[in-house]
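Participant:
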DNA sequence: TCCTTATATGCGCATATACGGTTGTATTTT
DNA sequence: AAAATACAACCGTATATGCGCATATAAGGA
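Protein chains in written order, with the numbering used here: chain A, 1423 to 1541; chain B, 1423 to 1541.
1) Going by alpha carbons, who is nearest to residue 1444 of chain A out of A:1523, A:1530, A:1481 and A:1483?
2) Check whether the region 1498 to 1509 of chain A and the region 1501 to 1510 of chain B are in contact - that is, three or more C-beta pairs closer than 8 Å.
3) Distance check for residue 1436 of chain A and residue 1515 of chain A, CA to CA, integer angstroms please.
4) Does residue 1493 of chain B have its Cβ less than 8 Å from a Cβ in chain A?
5) So which residues on chain A does residue 1436 of chain B lean against when the C-beta distance must stay under 7 Å?
6) For residue 1432 of chain A and residue 1529 of chain B, I'd like the C-alpha separation in whole angstroms.
7) Please state whether DSSP places residue 1482 of chain B in a helix, a strand or coil.
8) Could you compute how far the alpha carbon of residue 1457 of chain B sits from the alpha carbon of residue 1525 of chain B?
9) Taking the C-alpha atoms as reference points, what is the distance between residue 1440 of chain B and residue 1450 of chain B?
10) Let me check one thing: in DSSP terms, what residues is residue 1489 of chain A bridge-paired to?
11) In angstroms with no decimal places, state the Cα-to-Cα distance between residue 1429 of chain B and residue 1477 of chain B.
12) Got a sec, what are the start and stop residues for the alpha helix (DSSP H) residue 1428 of chain A sits in?
13) Please confirm whether residue 1515 of chain B has its beta-carbon closer than 8 Å to some beta-carbon of chain A.
14) Tell me whether the beta-carbon of residue 1453 of chain B lies closer than 8 Å to the beta-carbon of residue 1518 of chain B.
15) Leaving out five residues on either side along the sequence, give the residues of the same chain with a beta carbon under 7 Å from the beta carbon of residue 1487 of chain B.
16) Counting only C-beta atoms, is residue 1475 of chain A closer than 8 Å to chain B at any point?
17) Whole angstroms is fine: what's the gap from residue 1540 of chain A's alpha carbon to residue 1462 of chain A's?
18) Report the CB separation of residue 1492 of chain A from residue 1459 of chain A in whole angstroms; it is logged as a contact under 8 Å.
Here it is in structure tokens:
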């Protein structure tokens, strides 16, 4: 029960749905998510963790990078098609499209990049 | 997008999952929900509204009673089997079983009943 | 070892949400 | 008409959540 609540809680936030959306495109590191959604590194990291804790993501480490991707098996037992449904539900959305465009230009550079942009 | 967030938010609460569970048994008025879950009338009413606003419930009026029931068509477009999945995910849960037992004994008497219990 | 970089985390603030108690409203019963 | 009722709305309070800032951790390279 707790787990089910946690899963839905993870999905009940716009930022996290947007993250799922770009991870449906491809595996990303934290700084790519940050760029694609134009959010802070803190927010990217924390929301990725939340989705991970809820069982929606896989984590793979590669040197300095934490690479997150959709865990297709994760929710299979009770919610087999949930992620597919989410994708469909977001389709055609303005923000979601922009995120995907920004993702194409995103590179694996981290908060340092963000700091420079600020100045 | 907002609607999707709202839908998941509605499902990300234990009380509301418990409400869905008993409504899967049968249509209920507010006071029956209140008895089945052993919660206050305020809480029952508010959480039913939330589920209704999110598109999971139908509302039918019969005299004094507001009768809520699962809206099978509600989420069909994007989340066709969501409610079925929720049922499966809750199956075997302790609380959920107790709720169903109490529902059997519940009658259509409202807050007046609760007020008497308090004294 | 020291420095840079990518990510994670503690903290404080603002806001959102849940709850109980009370009140309001409409409808039925007496 | 008055009382009882079923439900919804309002109010104050406690807790949860999200965010940014600053800092900690961890990995790799000079």
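C-beta: ideal position from N, C-alpha, C; glycine also.
Facilitator: By the coordinates alone:
1) A:1523
2) yes
3) 12 Å
4) no
5) 1423 and 1427
6) 36 Å
7) strand
8) 7 Å
9) 13 Å
10) A:1451 and A:1482
11) 7 Å
12) 1424 to 1433
13) yes
14) no
15) 1451 and 1530
16) no
17) Caution is warranted here: a pLDDT of 34 is assigned to residue 1540 of chain A, below 50, making its placement in the model unreliable, and the coordinate value is therefore given only provisionally. When rounded, the distance between both Cα atoms is 11 Å.
18) Not really, about 16 Å apart at Cβ, beyond 8 Å.
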